[in-house]
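Here's the structure we're looking at; comments come further down.
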Amino acid sequence: MNNTSKTDTPKGDRIAKVLARAGVASRREAERMIEAGRVSVNGEQITSPALNVTDTDRISVDGKPLAEPEPPRMWLYHKPTGLVTTTRDEKGRGTIYDDLPADMPRVMSVGRLDLNSEGLLLLTNDGGIKRQLELPSTGWLRRYRVRVNGRPSEEALEPLRKGITIEGERFLPMSVTLDRQQGANAWLTIGLREGKNREIRRAMEAINLSVNRLIRISYGPFQLGELKQGEVEELRRKVVRDQLGLVLEDNTGTAAKKPKAVQHGSRKRPGKPRR
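full-length UniProt numbering puts the first residue of the sequence shown at 1, with every later residue one more than the last.
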């Protein structure tokens, strides 16, 4: 007699997770591709991501068989200003993907930096890793060097350290250090863990300061260091595995422990960027 019940967990993984792990797109983007009818499983078009697949299933995207997933990889990238962190832009602006070396595989950014912000972006070819590192529960500290127009006092910055509410939206406390006054501008070092849209710029506006330069200098354990604008540096697999606690051998992208601070992985010189 078959004792399998309807409540038993289906075998395999969700189709969107498999597509993300193969580097096709992030999990959310993969779900949209499925809903648009661009994905087939065993020769049949699917329109719902509520499907588990195994290694024996044949998956196609836009009529092309899904390639075997490459080993998970990660890179540090120094994003210049003037580029958007999307694969395409409806306004025709340049994207970070236009700037990456021509020999880079397909990658996704971990989080974003807006058009006028610069500094460290993490890139990965694995959608599972991307999702894991973006989860709010990860709580990684992002540190920024911020130049503002004005003469902020310690008293004026205190609301940011306690947590501020802007238009009904609560921002968690930030670490804020006033580094130096330079003419009409001041340099600050700011640390935050949320990464809401335009969080620093909005917070500064709330205390009557205007940001005119914003550079992300670290993301969790990874530092921008001396990486020049437009340069890409791949991290050694051992660094990713040991420092992030990610299980890379089975491509799951599962986080298991808090990272330790590191500077960089291997120092690979990037190929000539595409312009």
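Using N, Cα and C, we set each Cβ at its ideal position, and we do this for glycine too.
Paired residues, beta bridge with I164 - DSSP
Under DSSP, I164 shares a beta bridge with F171.
Distance check for D99 and Q132, CA to CA, integer angstroms please.
25 angstroms
In angstroms with no decimal places, state the Cα-to-Cα distance between S109 and R151.
Rounded to whole angstroms, the gap between the alpha carbons of S109 and R151 is 35 angstroms.
Reference A184; option with closest CA among N212, E205, M104
N212
Secondary structure of L19, DSSP reduced to three states
helix
Is L51 helix, strand or coil when you go by DSSP?
coil
Considering just the uninterrupted stretch of the beta strand (DSSP E) at R216, what are its terminal residues?
From DSSP, the beta strand (DSSP E) with R216 extends over 210-219.
Nearest-angstrom Cα separation, counted from A25 out to G37:
A straight-line Cα-Cα distance of about 15 angstroms links G37 and A25.
Please work out which residues of its chain come closer than 8 angstroms, Cβ to Cβ, to M33, disregarding the five sequence neighbours upstream and downstream, and give them in chain order.
Correct list, in chain order: L19, V24, A25, V39, V61.
Counting along the chain, where does the beta strand (DSSP E) carrying residue 303 start and finish?
Here the chain comprises residues numbered 1 to 275, so residue 303 is not present and cannot be evaluated.
Mapping DSSP to helix, strand and coil, what is I200?
helix
Which residue's Cα is closest to the Cα of Y77: V239, L235, K64?
Among V239, L235, K64, the Cα nearest to that of Y77 is on L235.
Buried or exposed for K17, please, with buried defined as at least 16 other CB atoms from any protein chain shown within 10 angstroms of its CB.
buried
Counting beta carbon pairs with one atom in the segment 163-178 and one in the segment 190-197, are three or more of them shorter than 8 angstroms?
Yes, the segment 190-197 is in contact with the segment 163-178.
Quick check: the Cα distance between L224 and I217, rounded to an integer number of angstroms?
5 angstroms
Touch check for the segment 129-147 and the segment 83-96: three-plus C-beta pairs under 8 angstroms?
no
Looking at the unbroken alpha helix (DSSP H) that takes in E29, where does it start and where does it end?
27-35
Between the alpha carbons of I215 and I190, how many angstroms are there, rounded?
Those two C-alpha atoms are separated by around 10 angstroms.
Alpha carbons only, please: which of L51, R21, K228, E29 is nearest the one belonging to K11?
L51
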